[in-house]
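Chemist: Residue numbers (the UniProt record's numbering), protein chains in the order written: chain A, 1 to 213; chain B, 1 to 213.
If you scroll down you'll find the structure; I have some questions about it.
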DNA sequence: TCGCTTATTGAGCATTTGATCAATCTTATT
DNA sequence: AATAAGATTGATCAAATGCTCAATAAGCGA
């Protein structure tokens, strides 16, 4: 968001005026810049380009991160942090609320969280390069969100169809694919994915005889 | 498949025996190797590593491709070529066959075509790096497969729901996501995706009152 | 078997790139 | 205003990397 104060004192502050920041602050600034940078160009982006974008020397980066890999690790942490709200498992299994409402609320919040340029692209890049954090995230998602969701669908099901984990992944994948089209493939997409999501959820529930619409 | 003849005459042919191939053949061998190589490590893979894997000098690559980018273009062509069978549009709109059968036949063939390591990873890599070929492919897919499919669903629909293009993309995305989990994220997946696909298609048809199951 | 064409090699060039470190300059403190 | 601490820089290194080219030798025809 804020790459630099940019204007402080004089209206036109000659750029590249050496600016001294508290280490913690500078570190965070570098991480934020690195997230945006690597999201855009991939993890093979050059440290010199990142430094230039930050308005800082390349050597400065190595004062805060011993190696480029260490910086990338920090980027991972920053991006993966808090991507799964801890209260979702509870809210998804709160049977005092209709299942459809729970599902729509979850995917409404989740999609605004993940349908973002930085997340989508860094998640995909790290997945491609085999980052362990990626599989950990997906396992976690499966364990604390999708598996309980399967239980809820089973519980609410009125038709003979018994849902499977693959069915849940299919629902999830169909929704996530919107974000992939938008930020990875950069293909024309609806500005507001919520109607597509709602319809997907309703189709899914209908198949198991759950129609609260 | 065949990196080298490997055994010809003597049982143990000392490797790195200089082997002279017809240019066309060598070129194809390089392309095939490059597809596998770049699929695995991404397009920032080094030409020296690729050459080593081919059992050939790095400089040889530049006798067949002026630049690395040109080699990558050849990889694109090789991978994207014939990924969409030209008879699918016709078969998908052949109303003498039940829609469900057409859909299942299409996704059965299509999934075996695209749920492959090389395709999935190169398609995703090229998408991330903004390759034009990627968007072209998706536009083509939308135009010649998914759009006609929308027409077929509309025609067969028995419920009040009117399908939209986004609904079709959702069906498609949910299915493709299986391949993404398998080859990009390397997450546990069903060996045979056909049951998941069948169930997804059936849920979709059911939502529009099309149940021929 | 000899000779010729040309596929292939190996050495090497110019940049790029991650990483280092002593010198410099900003800023808080006195 | 003077001082000290340490954040930041600029020059630089070594390795990696895309690419070139003269030299080499594999395989075909005579």
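Think of the CB as a built atom: it goes at the ideal place given N, C-alpha and C, for glycine as much as any other residue.
Secondary structure at residue 221 of chain B, three-state DSSP: helix, strand or coil?
Modeler: There is simply no residue 221 of chain B to check, as chain B begins at 1 and stops at 213 in what is shown.
Chemist: Alpha carbon to alpha carbon, how far is residue 100 of chain B from residue 108 of chain A?
Modeler: The residue given as residue 100 of chain B occupies position 100 in the second chain. The residue given as residue 108 of chain A occupies position 108 in the first chain. If you take the alpha carbons of residue 100 of chain B and residue 108 of chain A, they lie about 31 Å apart.
Chemist: Measure the beta-carbon distance from residue 166 of chain A to residue 196 of chain B and round it to whole angstroms, keeping in mind my assumption that it falls under 8 Å.
Modeler: In the first chain, the residue the question calls residue 166 of chain A occupies position 166. In the second chain, the residue the question calls residue 196 of chain B occupies position 196. At roughly 4 Å, the Cβ-Cβ gap stays under 8 Å, so residue 166 of chain A and residue 196 of chain B are in contact.
Chemist: Between the Cα of residue 139 of chain A and the Cα atoms of B:187, B:134, B:148, which residue gives the shortest distance?
Modeler: The residue labelled residue 139 of chain A in the question sits at position 139 within the first chain. It is B:187.
Chemist: Would you kindly work out how many angstroms separate the C-alpha atoms of residue 57 of chain B and residue 47 of chain B, rounded to a whole number?
Modeler: Counting from 1 along the second chain, the entry for residue 57 of chain B is found at position 57. Counting from 1 along the second chain, the entry for residue 47 of chain B is found at position 47. Each residue's alpha carbon lies about 10 Å from the other.
Chemist: Rounded to whole angstroms, what's the CA-CA distance from residue 133 of chain B to residue 181 of chain B? Just pull it up for me.
Modeler: Locating residue 133 of chain B in the second chain gives position 133, where the first residue counts as 1. Locating residue 181 of chain B in the second chain gives position 181, where the first residue counts as 1. Cα to Cα, the separation comes out at about 23 Å.
Chemist: Hey, residue 144 of chain A and residue 79 of chain A: beta-carbon distance below 8 Å or not?
Modeler: Locating residue 144 of chain A in the first chain gives position 144, where the first residue counts as 1. Locating residue 79 of chain A in the first chain gives position 79, where the first residue counts as 1. It is not a contact, given that the beta carbons lie outside the stated cut-off.
Chemist: According to DSSP, is residue 36 of chain B part of a helix, a strand, or is it coil?
Modeler: Taking the first residue of the second chain as 1, we reach residue 36 of chain B at position 36. In the structure shown, residue 36 of chain B sits in a helix (DSSP, three-state: H, G or I).
Chemist: Just to check my reading of the structure: residue 115 of chain A and residue 179 of chain A have Cβ atoms closer than 8 Å, yes? What is that Cβ distance to the nearest angstrom?
Modeler: As a first step, residue 115 of chain A is located in the first chain; it is residue number 115 there, counting from the start. As a first step, residue 179 of chain A is located in the first chain; it is residue number 179 there, counting from the start. Contact holds; Cβ gap of about 4 Å.
Chemist: By Cβ distance, which residues of its chain are closer than 7 Å to residue 17 of chain B, with the 5 residues on each side in sequence left out?
Modeler: As a first step, residue 17 of chain B must be located in the second chain, where it is residue number 17. Correct list: empty, nothing qualifies.
Chemist: If we cut at 8 Å on Cβ distances, does residue 184 of chain B have a partner in chain A?
Modeler: Position 184 of the second chain, counted from the start, is the residue given in the question as residue 184 of chain B. Yes, its Cβ sits closer than 8 Å to a Cβ of chain A.
Chemist: Would you report the Cα separation of residue 38 of chain B and residue 50 of chain A, rounded to the nearest angstrom?
Modeler: Your numbering for residue 38 of chain B matches position 38 in the second chain. Your numbering for residue 50 of chain A matches position 50 in the first chain. Cα-Cα distance, rounded: 25 Å.
Chemist: Skipping 5 residues on each side, what residues in its chain have a beta carbon closer than 7 Å to that of residue 160 of chain B?
Modeler: Locating residue 160 of chain B in the second chain gives position 160, counting from the first residue. So the list is empty, once near-sequence residues are dropped.
Chemist: Within 8 Å (strictly less), CB to CB, does residue 160 of chain A reach chain B?
Modeler: Stepping through the first chain from its first residue, residue 160 of chain A is reached at position 160. Closer than 8 Å: no.
Chemist: Grab me the residues of residue 156 of chain B's own chain with a C-beta within less than 6 Å of its C-beta, minus the 5 sequence neighbours each way, in chain order.
Modeler: Locating residue 156 of chain B in the second chain gives position 156, counting from the first residue. Around residue 156 of chain B: 99, 210.
Chemist: In the stretch 114-198 of chain A, which residue ranges form an unbroken alpha helix (DSSP H) of at least 4 residues, counting only runs that do not cross its ends?
Modeler: Listed in chain order, they are 117-128, 132-141, 147-156, 165-179.
Chemist: Do residue 203 of chain B and residue 204 of chain A have their beta-carbon atoms positioned less than 8 Å apart in this structure?
Modeler: Walking along the first chain from the start, residue 204 of chain A turns up at place 204. Walking along the second chain from the start, residue 203 of chain B turns up at place 203. The answer is yes: Cβ separation under 8 Å.
Chemist: Counting only Cβ-Cβ distances shorter than 7 Å, please list the residues of the stretch 131-143 of chain A near chain B, keeping chain order.
Modeler: The stretch 131-143 of chain A vs chain B, Cβ under 7 Å: 134, 135, 138.
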